[in-house]
Structures are given as structure tokens and as C-alpha cells.
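For the sequence shown, the UniProt record's numbering assigns the number 1 to the initial residue and increments by one for each residue that follows.
Positions of the beta carbon are idealized from the N, C-alpha and C atoms, including for glycine.
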Amino acid sequence: MAGCNAGQVAAGGIFTAIDWSEMRSSDSTLVWDLSTRLFHWCLPPLLLGLWGTAEFGYMEWHQYLGFALAGLLCFRWCWGLVGGHYARFAQFLRGPSVLWAYCRGRYQSAGGHNPLGGWMVLMMLLLLTAQVMTGLFANDDMFTEGPLYSWVSKALSDELTRWHYRLFDGLLIVIALHILAIGWYQLRGKRLVEAMWHGYQVGAKPMPYPVRSLWLSLSWGAGLLVSVILWWLTDSF
Numbered sequence: 001m002a003g004c005n006a007g008q009v010a011a012g013g014i015f016t017a018i019d020w021s022e023m024r025s026s027d028s029t030l031v032w033d034l035s036t037r038l039f040h041w042c043l044p045p046l047l048l049g050l051w052g053t054a055e056f057g058y059m060e061w062h063q064y065l066g067f068a069l070a071g072l073l074c075f076r077w078c079w080g081l082v083g084g085h086y087a088r089f090a091q092f093l094r095g096p097s098v099l100w101a102y103c104r105g106r107y108q109s110a111g112g113h114n115p116l117g118g119w120m121v122l123m124m125l126l127l128l129t130a131q132v133m134t135g136l137f138a139n140d141d142m143f144t145e146g147p148l149y150s151w152v153s154k155a156l157s158d159e160l161t162r163w164h165y166r167l168f169d170g171l172l173i174v175i176a177l178h179i180l181a182i183g184w185y186q187l188r189g190k191r192l193v194e195a196m197w198h199g200y201q202v203g204a205k206p207m208p209y210p211v212r213s214l215w216l217s218l219s220w221g222a223g224l225l226v227s228v229i230l231w232w233l234t235d236s237f
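Pasting the structure below:
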């Protein structure tokens, strides 16, 4: 990859220093808008915090972090419909023929997620959403209940609690696959980590339309509203 600077760690490392030269390259294009990048980089600390608060019994904070995750997910689902070109589901969810062409090395990328990565993104979003939804009805048989616990029977709440734990195990597998895939691409010289940090990809086609501020405001507003409503429900019951 051209333009590697002296500040990078030794060649061959998987996660090297960010190569800002991609931003200055004449054939680089802004692919990941700021909101998409914020969503992506907010997820790791949130998930780590959710695991830690559940593991060590800080369930009140576990709920608050869950509400923040619910708001982020609401934003991302909205942004996948009305956001920037490369953030939209219609751009990166491709059919079987495109997937097959990609697996055979006959797919020419125009930027953004590759066909396989696009479906991985959807799988992770679905798992995270299911994790949040089951948590809303869950209970620990002691002190903590989800904000929607009273909306269902105790038996159903117990079943959803079991699924809350099972889905987390599945989520760990998907996260591990995601990290392994990123590492593999990094070793092959495709700087996916850097691209998601500064937003630029070399060789990507320019966005056919700008990010619209109205849709941006409405998407973030919907996410904030979801978080506030869940917090209010917890505080009210």
C-alpha cells in the first residue's frame, strides 16, 4: 500500500498505525460518513460495558447501557434506509450471484462493504437487536427486571431471559468471526480499520448524493427517543 509513514509499526502487523495518506490520495473517496463511523466505534466499549456490568452484578448500569445500545441500533436501522449511500442496506446487501462471484474472486468492488461483509453486518445488527429486545422482558429472579417485564407472563419472561443469554453466546461467535475477517484483510493490505476510522477508501466511487441533514437529524432523533422512552419506563415502574 503506497504512502505508509515512518510512524507505523513493523510491516506484517495486523492492526498498524492509521495511514492518513489515504485521505490525501487523489483516488480516495469518503465512503463512511461520520455518523456511520460513530456508530461503529461506539459499539465495542458499549458491548464491553454491558458484559462487565452483567458479569459483576451492576445491573442498573447494565440497563442504562442497554438503553444506549437500543438507541444506537434504532439510529442504524433508520440510517440503513435513508443514510449515506454506502451506509444503506440496499448498497451492501447483494444477491446470491454477486456473493458467488465474490467468493470466486470475480467481483469488482466499487467501495464500501464487500458482499460477504454486508451480510455479516446485517447478521450482527439482527443479533444485537434481538439481544436488546429479549433484555427488555428479562428478569434475574432477584432484584432486576427489564422495563417491559410486566407486559408478559413470568414464564415468557423466563424463556426470553434464557434467550438473552443464548444470543450473547451467538453474538460472541459473530464478533470473533468479524475480528478474524478484519485481521485477514489487514494482512492482505486492505486497510479496513483505517477506512472505518477516517472514512476514506482508495478506488471507491464517489457517493451519488450527499448525506442529507434532515434524515440525519431524524435518525439520531429516533435513536435518542427510544433511549429516553426506555429509561422513562424503567423509572416509572
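Of the residues the options, the one placed nearest residue i, counting alpha carbons only
| i | options | result |
| --- | --- | --- |
| W119 | P96, L34 and V152 | P96 |
| Y86 | V226, Y200, L46 and D169 | Y200 |
| P147 | A70, F39 and G52 | A70 |
| L177 | S35, P210, G117 and F67 | G117 |
| P44 | R106, L65 and D27 | L65 |
| Y209 | F56, V82 and E55 | V82 |
| C78 | L48, L214, E194 and L47 | L214 |
| L172 | L128, F143, W151 and M142 | L128 |
Short Cβ contact (9 angstroms threshold) for residue i with residue j
| i | j | result |
| --- | --- | --- |
| L73 | L156 | no |
| H113 | F92 | yes |
| G84 | M207 | yes |
| T29 | A204 | yes |
| W41 | W197 | yes |
| F75 | A222 | yes |
| A108 | L167 | In the sequence on display, residue 108 carries Gln and not Ala. No; because the gap between Cβ atoms is not below 9 angstroms, this pair is not in contact. |
| M123 | V174 | yes |
| F59 | D140 | Correcting the residue type first, residue 59 is Met in the shown sequence and not Phe. Their beta carbons are under 9 angstroms apart, which means M59 touches D140 by this criterion. |
| D33 | V202 | no |
| F67 | T234 | yes |
| V31 | G111 | yes |
Limits of the alpha helix (DSSP H) - the one that residue i falls within
| i | result |
| --- | --- |
| S35 | L34 to E55 |
| V132 | P115 to L136 |
| residue 264 | This structure gives no information on residue 264, because the portion of the chain shown stretches from 1 to 237. |
| Q63 | M59 to V82 |
| Q91 | F89 to F92 |
| W100 | P96 to C103 |
Limits of the unbroken beta strand (DSSP E) element including residue i
| i | result |
| --- | --- |
| S28 | S28 to L30 |
Exercise for the section: Would you list, in sequence order, the uninterrupted alpha helix (DSSP H) runs of no fewer than 4 residues that lie entirely inside the stretch 167-214? Expected result: 192-198
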